[in-house]
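The structure under discussion appears below in the form of structure tokens.
Residue numbers (the numbering used here), protein chains in the order written: chain A, 1 to 229; chain B, 1 to 230.
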């Protein structure tokens with residue numbers, strides 16, 4: 001991703017519940033941006049809105065590349081084999097049949113599922129399912145990849161494997177925007193941090209500055225483990 | 001077909017008349033189910049995935065039509081296909097084709113309604129992923145039908161059960177003509193009215209055996225498919 005994604009006064013409400021409240025934010029290119037905040041803070045809504053799955057009621061989102069992909073917190077596997085899931089994603093991304101097999105094998109190798117191709121996708125372990133979902137998202141050859149709490153249900157070993165994958169992807173100049181409620185993970189991965197609370201932007205900036213010297217009381221309290229109510 | 005012979009004896013001796021009845025029964029019912037599947041599955045999927053004014057009324061109507069009385073369908077088709085009816089020039093009355101049409105009308109709402117429910121449930125599960133992959137409407141229909149295929153087998157079986165068991169529609173539009181439009185259910189009705197109960201019961205057992213065999217086969221196919229696809 002070369003240009004920044006900008007949110008200008010973006011508000012979204014569903015069933016009279018405000019999910020994003022006049023959010024103004026810039027997601028620049030480069031290292032992963034990690035969106036943190038308590039449950040219900042608007043992390044998922046931000047990702048879905050940037051992906052174009054929810055239209056803002058007010059405000060504007062600009063600069064989102066056409067080549068974009070999202071991985072949901074609980075990805076749904078199609079009732080097919082691992083390779084068929086990936087083939088489906090490649091076909092949906094518009095890839096010609098001739099090149100699919102090679103690209104599919106490359107993606108399966110990248111996420112460490114090269115030996116699981118024939119297995120029904122819904123019978124994979126939790127960590128394997130997340131990695132297949134990541135491969136499926138990468139099938140779109142995205143310039144920006146939105147990840148919604150991808151490690152929330154994984155054990156430490158699977159989490160580490162997934163975080164290594166995220167680093168590999170980021171090194172390939174794919175902009176990663178990831179939501180998490182795990183501060184440790186945010187410290188390990190973030191180039192930039194966005195802190196949301198009740199749909200509002202509390203603080204955003206480079207990760208070292210955010211973690212070492214937060215500018216707002218809410219950010220300080222959140223980093224100290226206090227509950228933001 | 002000898003009137004005093006038992007159905008088992010006729011079956012064991014491969015009685016040509018009995019086999020012709022069984023063959024025609026299967027041909028009519030399977031043809032009707034095939035036609036209803038080709039129409040009903042896409043129709044049910046489209047209703048599941050599209051929103052239009054009156055959608056609720058369409059769903060209620062299709063659901064209600066699952067309970068269509070066969071004699072009503074037979075009567076309506078009889079009026080349409082009779083010489084003075086709007087489709088009388090087709091010359092289909094009292095032919096197997098008319099029987100297929102009648103059973104298709106009976107089976108279509110069952111397959112369409114069960115497909116709609118199945119596809120709608122699966123759509124709720126797949127919606128986000130397919131939207132994120134920017135899959136178009138027709139692609140969604142195809143994907144959902146394919147991934148629901150093992151559940152849809154149940155819908156098709158329900159349709160086959162309806163077609164194989166009904167007598168009211170086929171007897172009106174087929175006429176129960178010996179050697180031409182006589183099927184198992186109409187033969188059972190005839191033999192019962194003649195007091196030939198052993199033969200009627202025997203034919204009923206054969207009909208039941210066919211329905212069970214088709215269901216067992218479908219169940220085996222479904223289990224095997226689910227093992228492979230998850």
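Note that CB positions come from ideal geometry on N, CA and C, so glycine has one too. Remember, predicted model here, so these are calculated numbers, not experimental data.
For residue 19 of chain A, the number of other beta carbons within 10 angstroms of its own is at least 16, and it is reported as buried. Residue 75 of chain A reaches chain B at 129, counting residues in chain order whose Cβ is nearer than 8 Å.
What residue 170 of chain B touches in chain A, judged by beta-carbon distance under 7 Å, is nothing: the nearest beta carbon there is about 37 Å away. Residue contact with chain A for residue 155 of chain B: absent (no Cβ-Cβ distance below 7 Å to any residue of chain A). Residue pairing by DSSP leaves residue 43 of chain A without any beta bridge partner. The beta carbons of residue 116 of chain B and residue 44 of chain B sit closer together than 7 Å. Taken through DSSP and simplified to helix, strand or coil, residue 194 of chain B comes out as coil.
Less than 7 Å divides the Cβ of residue 149 of chain A from the Cβ of residue 180 of chain A. By the Cβ-count criterion, residue 193 of chain B is exposed, with fewer than 16 other Cβ atoms from all chains shown falling within 10 Å of its own Cβ.
Taken in chain order, the complete beta strand (DSSP E) segments of 3 residues or longer contained in the stretch 54 to 128 of chain A are 58 to 62 and 68 to 71. The beta-carbon of residue 70 of chain A is placed less than 7 Å from the nearest beta-carbon of chain B. If you draw a straight line from the Cα of residue 62 of chain B to the Cα of residue 113 of chain B, it is about 6 Å long. Here the stretch 82 to 93 of chain A does not lie against the stretch 146 to 165 of chain B, with fewer than 3 beta-carbon pairs under 8 Å apart. Residues are counted here when their Cβ sits less than 8 Å from a Cβ of chain B; for the stretch 90 to 101 of chain A these are 92 and 93, given in chain order. With the rule of 3 Cβ pairs closer than 8 Å, the stretch 37 to 54 of chain B does not count as touching the stretch 167 to 175 of chain B. When the Cα atoms are used, residue 29 of chain A and residue 228 of chain B turn out to be separated by approximately 42 Å. For residue 193 of chain A, the uninterrupted beta strand (DSSP E) segment begins and ends at 192 to 197. Chain order gives the chain B residues near residue 51 of chain A as 132, where near means a beta carbon separation below 8 Å. Take residue 200 of chain A, set aside five residues on each side of it, and the residues of its chain with a beta-carbon closer than 6 Å to its own are 21, in chain order.
Nearest C-alpha to residue 124 of chain B among B:73, B:48 and B:211: B:48. With its beta carbon less than 7 Å from one in chain A, residue 135 of chain B belongs to the interface.
Boundaries cannot be given for residue 180 of chain A, as no beta strand (DSSP E) includes it and DSSP labels it neither H nor E. Within a 10 Å sphere around the beta-carbon of residue 100 of chain B sit 16 or more other beta-carbons, which makes this residue buried. Residue 168 of chain B is a Cβ neighbour of residue 71 of chain B, given a cutoff of 7 Å. Rounded to whole angstroms, the gap between the alpha carbons of residue 140 of chain B and residue 12 of chain A is 27 Å.
In the DSSP assignment, residue 116 of chain B falls within the unbroken alpha helix (DSSP H) covering 96 to 132. DSSP places residue 8 of chain A in the strand class (E or B) of the three-state scheme. In this structure, residue 33 of chain A and residue 191 of chain A form a Cβ contact; the two beta carbons are roughly 7 Å apart against a cut-off of 8 Å. Between residue 69 of chain B and residue 205 of chain B, the alpha-carbon positions lie close to 24 Å from each other. Judged by their CB atoms, residue 2 of chain A and residue 24 of chain A are not nearer to each other than the 7 Å cut-off. Between residue 195 of chain A and residue 37 of chain A, the gap from beta carbon to beta carbon is short of 7 Å.
Under DSSP, residue 162 of chain B forms no beta bridge with any residue. DSSP links residue 36 of chain A through a beta bridge to A:195. With a cut-off of 8 Å on Cβ pairs, the stretch 105 to 113 of chain A is in contact with the stretch 130 to 137 of chain A, counting three or more such pairs. Counting only runs of 4 or more residues that sit fully inside the stretch 139 to 173 of chain A, the alpha helix (DSSP H) segments are 156 to 171, in chain order.
The beta-carbon of residue 154 of chain A is placed no less than 7 Å from the nearest beta-carbon of chain B.
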